Amino acid sequence: MEQWKNQTIIDKTAAFVKESLSGAEGGHDWWHVQRVRKMSIYIARHEKADLFVVELGALLHDIADAKFHYGNEEIGPEKARGFLQSLYLKKDILDHIENIIRNISFKGGNHSQQFRSKELDIIQDADRLDAMGAIGIARAFNYGGFKNREIYNPAIKPDLNMSREEYKKCKAPTINHFYEKLLLLKDRMNTPTGQRLAEERHDFMEKFLDTFYEEWKFGEV
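The numbering of the sequence shown is this note's numbering, which starts it at 2 and goes up by one.
Pasting the structure below:
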C-alpha cells in the first residue's frame with residue numbers, strides 16, 4: 002500500500018514538473034530534470050539512500066530556478082512545498098524536500114551550505130554531473146546564447162574571487178564559466194559514486210577547452 006501511494010505521488014509530481022517547465026530554457030527544462038532524476042536514482046542505489054526522497058527531490062530541484070525569476074530564491078521552495086502539501090505528504094519528508102531545493106544550487110562566492118543530508122548530497126552530485134561533460138558543455142553554450150553572452154573574449158579573464166552576488170550577476174563570456182564553475186565541480190562531489198563519474202566528464206571538458214583554444218588561435222603567428 003505504501004509503495005503504491007509513493008508511486009502515485011511520484012507520478013503526480015512528474016506530471017506537475019513537466020507541465021511547469023513547458024517552454025523552459027533548454028538547459029533547465031524537463032529533459033534536464035529527467036537526466037538528474039535518473040542519475041540521482043543510480044547514485045542512490047549505490048549509496049543506499051532513501052529512494053523516495055531522492056526521486057521527489059530530483060524531480061522538484063529546478064521547479065523554479067532563481068536565475069529565471071529575477072534572482073528570487075524563495076519561489077522554488079515555496080512552489081514545491083505548496084504542491085507537495087496538496088498531496089498530503091508527511092511533514093518530515095516535505096521539510097526535507099524543501100531543504101534540498103534551498104541548498105542544491107552552486108551559488109559561487111565560497112557560499113557555505115546551510116543543510117546537509119545523504120539525499121541532498123546525491124541529488125546535488127547528479128545535478129552537478131549534468132553540468133559536466135558533453136551535456137554540460139552543450140548546456141553552458143545554450144544558456145550563454147539565451148543570455149546573449151560572448152562565447153569567448155581573451156581580454157576578459159575568469160574571476161575566481163567573486164562574491165555570491167557578483168557570481169549571480171556575472172555576464173562574462175561562456176568560456177569563463179568553465180573556470181568559474183564547471184571545472185570546479187569534480188572536487189566538490191559529495192559521494193564516491195559521484196566522484197567516480199565526475200572524473201571522465203571533467204577530462205572531456207579539459208580536452209574540449211584544449212581543442213577550442215587551438216582552433217581559436219589557428220593562423221596566429
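All C-beta atoms, glycine included, are put in the ideal place defined by N, C-alpha and C.
Keep in mind that this is a model prediction, so the values were computed, not measured.
Inset, instruction - Pull up the distance between the alpha-carbon of Ala15 and that of Glu166, whole angstroms please. - result: 32 Å
Inset, instruction - Starting from the Cα of His33, find the closest Cα among Gly83, Arg140 and Val54 and give me that residue. - result: Of Gly83, Arg140 and Val54, the smallest CA-CA separation from His33 is found for Arg140.
Legend entry - Endpoints, the alpha helix (DSSP H) within which Leu121 is located: Lys119 to Leu130
Legend entry - Ile10 to Asp211 span [Cα, whole Å]: 46 Å
Inset, instruction - Could you please give the first and the last residue of the uninterrupted alpha helix (DSSP H) stretch that includes Pro226? - result: What the structure shows of the chain is the stretch from 2 to 222, and residue 226 is not part of that stretch, so it cannot be assessed.
Inset, instruction - Give a yes or no on whether the C-beta atoms belonging to Gly134 and Met190 are separated by under 8 Å. - result: If you check the CB distance, Gly134 and Met190 do not come in under 8 Å.
Inset, instruction - Would you kindly report the start and end of the unbroken alpha helix (DSSP H) that includes Arg36? - result: Trp31 to Glu48
Inset, instruction - Go ahead and pull the three-state DSSP assignment for Leu60. - result: helix
Inset, instruction - Helix, strand or coil for Lys19, going by three-state DSSP, please let me know. - result: helix
Legend entry - Residue burial classification, Asn154 (beta-carbon count within 10 angstroms, cutoff 16): Classification for Asn154: exposed.
Legend entry - C-alpha distance - Asn177 paired with Thr194, whole-angstrom precision: Cα to Cα, Asn177 sits roughly 28 Å from Thr194.
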